[in-house]
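Right, one structure below, let's go through it.
Residue numbers (this note's numbering): 1 to 161.
Laid out in structure tokens, this is it:
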């Protein structure tokens, strides 16, 4: 009763393997935001940045190191500290609920399913079985799952081409 929005998202997240699905989608969104911030915060070619020497511009601005520091300090660190101290209060808002469902939708889309192929490869190499909190897939669910894995792999291959 005290945290209804938190309850609505955690009720879904802690069902079956949904927490793993959420984390996969969330990590994609984190990478996307970092790339967008880095691209938008980089200097324009040939710009003079306050008279800094070339080595400073190369180390901090050309490589994106300054934007990495900025993103970590401003975008991640403060929210991580707040979230660790007041977990239920931190996710009891509609922004977190939208983020949760966006991450779940990204995972459901199949865009990220090539990472499951890596999981199977690591499992085969290590000899450890992948544990699931869900019953085995039906034939139709298996077909849908492997279709998304191949779809994701095709997108990944075309990205590298």
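Glycine is no exception: its CB is placed at the ideal position from the N, C-alpha and C atoms.
Check                                                                                                      : Outcome
Residue from 99, 126, 7 with nearest C-alpha to residue 21                                                 : 99
Cβ neighbours of residue 65 in the same chain (closer than 7 Å, five flanking residues each side left out) : 59
For residue 165, three-class secondary structure by DSSP                                                   : Since the first residue shown for the chain is 1 and the last is 161, residue 165 is missing from the structure and cannot be characterised.
Distance between residue 4 and residue 111 (C-alpha atoms, nearest Å)                                      : 31 Å
DSSP three-state assignment for residue 161, whether helix, strand or coil                                 : coil
CA nearest to the CA of residue 39, picked from 63, 57, 54                                                 : 63
Cβ neighbour criterion (16 or more within 10 Å) applied to residue 145                                     : exposed
Three-state class that DSSP yields for residue 63 in the structure shown                                   : coil
9 Å Cβ cutoff met for residue 33 and residue 67                                                            : no
Beta-carbon gap between residue 132 and residue 16 smaller than 9 Å                                        : yes
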